[in-house]
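Asker: One gets full-length UniProt numbering by counting positions in the sequence shown from 1 and adding 11 to each.
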Amino acid sequence: NQQKWQAEKTYDTQCPYCSMQCKMQLIEQSSFTNKKYKTISKDNPTSQGRLCIKGLNAHQHALHKERIKYPLFKKDGEFVQISWGEALEHIKINFTRIQSEYGLNALSVYGGGSLTNEEAYLLGKFARVSLKTKYIDYNGRFCMAAAATAANQAFGIDRGLTNSLSEIPNSRCIIIVGSNLAECQPTMTPYFHKAKENGAYIIVIDPRETETTKMADLHLKLKPGTDAALANGLLKVIIEENYVDDLFVQDRTNGFQELEKYLNAVDLNEIEQITGIEIEHIQRAARKFGEEESGMIFTARGVEQQTDGVMAVRNLLNILLVTGKIGKPSCGYGAITGQGNGQGGREHGQKADQLPGYRLIDNKEHRKYISDIWGINEKDLPKKGVSAYEMIEEIHRGEIKGMFLMGSNPVVSNPNANIVKEAFQKLKFLVVVDMFISETARYADLILPSSSYLEDEGTLTNLEGRVTLREASRACPGEVKHDWQIICEISHILGKGKYFSFKSVEDIFNELRVASRGGIADYYGITYDRLREENGILWPCPTINHQGSKRLFETSFAHLDEKAVLIPVSNYSTVSKEKISEEYPLYLTTGRVLAHYLTGVQTRKSSVLAARNFESFIEIHPSTAMKYRIQDNSLVQIESKKGRIVVRSKWSNQIRQDTVFVPFHWADSQNVNCLISDSLDPTCKIPGFKISAVKISPID
Ligand code: SF4
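#1: Quick one: residues in its chain with C-beta nearer than 7 angstroms to the C-beta of Val-321, no 5 flanking neighbours on either side, listed in chain order?
#2: Could you tell me which uninterrupted beta strand (DSSP E) segments, each at least 3 residues in length, are contained entirely in the stretch 541-618, listed from first to last along the chain?
#3: List, from N- to C-terminal side, the alpha helix (DSSP H) runs of 4 residues or more that fit wholly inside the stretch 266-324.
#4: Can we say the stretch 240-260 touches the stretch 218-228, given the rule of at least three CB pairs closer than 8 angstroms?
#5: Give the DSSP-derived three-state secondary structure of Gly-151 in the structure shown.
#6: Going by DSSP, what residues sit across from Thr-472 in a beta bridge?
#7: Count the other CB atoms, across all protein chains shown, that sit within 10 Å of the CB of Pro-340; report buried if there are 16 or more and exposed otherwise.
#8: If you reduce the DSSP assignment to three classes, tell me which class Asp-169 lands in.
#9: Does any heavy atom of ligand 1 sit closer than 8 angstroms to the C-beta of Met-417?
#10: Does Pro-235 come out as helix, strand or coil in the three-state DSSP assignment?
#11: Determine the closest residue to Ala-323 out of Met-31, Thr-334, Cys-29, Phe-309, with distance taken between C-alpha atoms.
#12: What separation, rounded to the nearest whole angstrom, lies between the Cα atoms of Asp-711 and Ala-452?
#13: Check whether the stretch 444-451 touches the stretch 141-154, counting contact only when three or more Cβ pairs, one atom from each stretch, lie closer than 8 angstroms.
#14: Drop a sphere of 10 angstroms on the beta-carbon of Ser-282, count the other beta-carbons inside from all chains shown, and report buried for 16 or more, exposed for fewer.
#15: Check this for me: beta carbons of Asp-533 and Gly-368, under 9 angstroms apart or not?
#16: Give the secondary structure of Met-446 by DSSP, where H, G and I count as helix, E and B as strand, and everything else as coil.
#17: Taking the continuous alpha helix (DSSP H) assigned at Met-31, which residues delimit it?
#18: Can you grab the Cα-Cα spacing for the pair Trp-662 / Glu-594, in whole Å?
#19: When the Cα atoms are used, what is the spatial distance from Val-248 to Phe-513?
#20: Is it right to say Phe-568 is buried, meaning 16 or more other beta carbons lie within 10 angstroms of its own, or is it exposed?
#21: To which residues of the same chain is Glu-650 closer than 7 angstroms at the C-beta, ignoring the five residues directly before and after it?
#22: What residue range is occupied by the uninterrupted beta strand (DSSP E) comprising Val-673?
#23: Between which two residues does the alpha helix (DSSP H) holding Arg-655 run?
#24: Within 10 Å of its beta-carbon, does Asp-257 have 16 or more other beta-carbons around it, so buried, or fewer, so exposed?
#25: Take Val-277 and list the residues in its own chain whose beta-carbon comes closer than 6 angstroms to its own, dropping the five residues that flank it on each side.
#26: Can we count Ala-69 as close to ligand 1, meaning its CB is less than 8 angstroms from some heavy atom?
#27: So, with DSSP's three-state summary, where would you put Leu-74?
#28: What does Ala-346 pair with, by DSSP beta-bridge criteria?
#29: Is Pro-197 near Ser-125, with beta carbons less than 9 angstroms apart?
#30: Which word fits Asp-540, buried or exposed, when buried means at least 16 other C-beta atoms lie within 10 angstroms of its C-beta?
#31: Just tell me which of Ile-285, Leu-62, Lys-362 has its CA closest to the CA of residue 795.
#32: What residue from Asn-253, Asp-456, Ile-330 has the CA that sits closest to Ile-104's CA?
#33: Taking Gly-96 as part of the beta strand (DSSP E), name the residues at either end of that continuous run.
#34: Reducing DSSP to helix, strand and coil, say where Ile-381 ends up.
#35: To the nearest whole angstrom, what separates the beta carbons of Thr-57 and Gly-469, a pair I think is in contact under 8 angstroms?
#36: Quick check: is any heavy atom of ligand 1 less than 8 angstroms from the C-beta of Lys-375?
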């Protein structure tokens, strides 16, 4: 065998599948007739040499035979290979025609949280400078929008973690809300295990028992959608039993009196009724968090993807602030970002309301600063657009006629997915940049082949806010181009080449650094050379000599008066949530499984990962299943007011009897997002993915 397998090549890279961004090395061995691959981990400050099953098999999608290797144009309903020159000409003709017939805002751009920082930056610039449209947003709207808005409102800055991961093991009490990090960010789990070994008390708030709740000392298995009310219960006990850090509250916060007054009227019996959590358990959690000298709170999509996601997170931040557990060692907040570059993806201008460096598009000064860097007149910079799902609604209404879509699969990932399909059918010209013919790409007029994590050079920002450099390790296959090259070439053919004369990714990063300078997410002091030497730098990093910011808010918050903001939060969402009824008697909640990532476009291509979970399922309590005549491992129809799907049953004692769970990695007749309503959080516009009312029936 040793004779047969001879040559060996190694490729250093970073896993694309979650915000831990674990460093790894792909080893390729060749024989005369074959190749085989193995992935090993590489040490780095975040993952500390660990990898999970997704990272170990990431190469299977990058090397998959179904990867698109040249531009594809739809002709008579079939995709045919064309040259890059022809592809660019199609874009020029169709984009120009649409804008001259319907106006500049008839075109839209839809991005993704897996793009590198440079690609995210360039996509925002492309929408505003090359297309001059106000319509740009991205799939991170479904990921981090609630946590980001809450942190901005409370602290004045949104960085995933206010501390580096290395502070978790020394924290004495940790509350994890709506996160199954053991399956979504597996290499993060050992930080919590270490904390437990050191004596920490861990509280997990989740309607389901998961791999993550297994490490909890106290699992609060609340009714779906009642997180804000539970936080009120915790706050009431903390204030009534004198766990408030008076000095911190007085010196570092505003709004305590209003919060206290509101909580005086909160009734713990009512909280028990709303949440389904016994008062005794609420008290135990509050006392434990209050009495320990250090504590951290982590949130994820379980609490954030709700129509009161922003306020629910704000209420959890209230707990941190009244107990003074922020800005100190092993005290702080972490929004556990889901997507591969969820943090960086939201900092550089892909969002409808933001410009690079977290600058605001409706702030005159910010607009001027970015316009000057881009070399355009501030008056030509488009105004604020709308959020991702609202863009789909604009397509459905006929306002948006064309779209340029990069690194996202909105036909599967949006709520009310049946309507989303209708909308995409209405587009007059859709360009999709992807590695595969995804469910969304099927609707495209033109598909452009994009590079994978093995071929893509660029910076990424992990869940801590640590900026790292992923160098390209393999050449692009076939006629595949890098996303940044595609954007630059389209800009050239549209006559905007002078704004996109980049020769390398590093060139783009250097412009990004200047664009972010003085903003909240300040990257100015970070360079490619430093990243190569220092193995990651935490922003803000305003100067070349700055070491990066490991812990935020030690002496001040980022609001003008340097104080954080406390706010009373209602037990109930202002946008009414779906309620169970006689017709739809069960709550539906959604989430991930260990083996898959987002809508599964990449992980479903991996034979190892697909073998682990090759189809969707409904997790259902045996008592509930029996009530509805549903056998274990049998087909079940799930129906909501928005649609229906069919998946296989999986009996489990780990879920509440009034709730079922379905993962969101599958498409078509198994796409759970067909069941989700289009209600959005009024502030951040995140859809309420985590709570729907459904009925179920067996399929005979
Ligand atoms: Fe690391 Fe996340 Fe990739 Fe797993 S999926 S190897 S935890 S980056």
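In this text, a Cβ means the ideal position worked out from N, Cα and C, and glycines have one as well.
Answerer: So, from the listed chains and residues:
#1: Ala-157, Thr-160, Ala-161, Asp-692, Thr-694, Cys-695
#2: 597-602
#3: 267-275, 279-286, 290-302, 312-315
#4: no
#5: helix
#6: Val-478
#7: exposed
#8: coil
#9: no
#10: coil
#11: Phe-309
#12: 34 angstroms
#13: no
#14: Sequence check: residue 282 is Ile here, not Ser. Looking at its Cβ environment, which holds 16 or more other Cβ atoms inside 10 Å, Ile-282 is buried.
#15: yes
#16: coil
#17: Element bounds for Met-31: n/a, residue is neither H nor E.
#18: 22 angstroms
#19: 57 angstroms
#20: buried
#21: Val-705, Lys-706
#22: 670-674
#23: Segment 655-662 is the beta strand (DSSP E) holding Arg-655; no alpha helix (DSSP H) there.
#24: exposed
#25: Asn-243, Lys-247
#26: yes
#27: coil
#28: Thr-310
#29: no
#30: exposed
#31: The question about residue 795 has no answer, for the chain in this structure spans 12 to 711.
#32: Asp-456
#33: Unbroken run through Gly-96 is the alpha helix (DSSP H), 95-113; no beta strand (DSSP E).
#34: helix
#35: The pair is not a contact, with the Cβ atoms about 17 angstroms apart (cut-off 8 angstroms).
#36: no
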